[in-house]
Amino acid sequence: MSDQKKDSLSPIDNVEPQQQQQQPKIPSASDMVTNEIYNLSNKEDIDNMINIQSEVLKKQYETNYLLNHFNDYSAQKYSQLSSDFEKHTKMLKEMKKDLDYIFKKTRTLQGLLNEKFPTFVPLVNNFEEEEDQDD
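For the sequence shown, UniProt numbering gives the first residue as 1, with consecutive numbering after it.
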């Protein structure tokens with residue numbers, strides 16, 4: 001019965017598993033390049049390169065950790081400072097409005113004083129010029 005099964009199988013199926021494994025494996029281009037580089041260099045150089053690469057990778061992980069920590073800290077400070085900056089900006093705008101109002105009132109009062117006391121204004125201007133020269 002096993003002879004009948006062997007006869008009914010295709011020629012590829014008749015090949016024993018050992019024969020299939022004995023067929024030469026065609027190396028890929030990357031395998032060939034890797035083998036050539038490995039044959040050109042000695043084991044000590046390769047181990048040295050691997051150690052250097054491991055150290056560089058470790059430093060990159062450390063740097064990445066520090067940069068992430070710095071970014072988190074910066075984001076926290078930015079949110080804190082942006083709210084402070086917004087408050088200060090509003091305060092400056094209010095102060096500008098207040099100063100504009102004060103200067104407007106001062107000009108109005110100065111105009112009223114000029115109308116009531118027209119001879120007094122040149123005396124005040126002369127007094128201010130003398131103070132500026134003393135400074």
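Don't be surprised by glycine CBs; every beta carbon is placed ideally from N, CA and C.
Tell me which same chain residues have a C-beta within less than 6 Å of the C-beta of residue i, skipping the five on either side of it?
| i | result |
| --- | --- |
| P24 | none |
With hydrogens ignored, establish whether the beta-carbon of residue i is closer than 6 Å to any heavy atom of the ligand ADP.
| i | result |
| --- | --- |
| R107 | Summarising the ligand content, the structure contains no ligands, and the ligand ADP is consequently not present. |
Using a Cβ-Cβ cut-off of 7 Å (strictly less than) and excluding sequence neighbours within five positions of residue i, which residues of its own chain qualify?
| i | result |
| --- | --- |
| Q4 | Reliability of the predicted coordinates at Q4 is poor, the pLDDT of 49 falling under 50, and the value obtained from them is presented with this limitation in mind. The answer is none, since no qualifying residue turns up. |
Give me, in chain order, the residues of the same chain whose beta-carbon lies closer than 8 Å to that of residue i; leave out the 5 immediate sequence neighbours on both sides.
| i | result |
| --- | --- |
| K59 | none |
**Any beta strand (DSSP E) of 3 or more consecutive residues that is wholly inside the segment 27 to 67** = none
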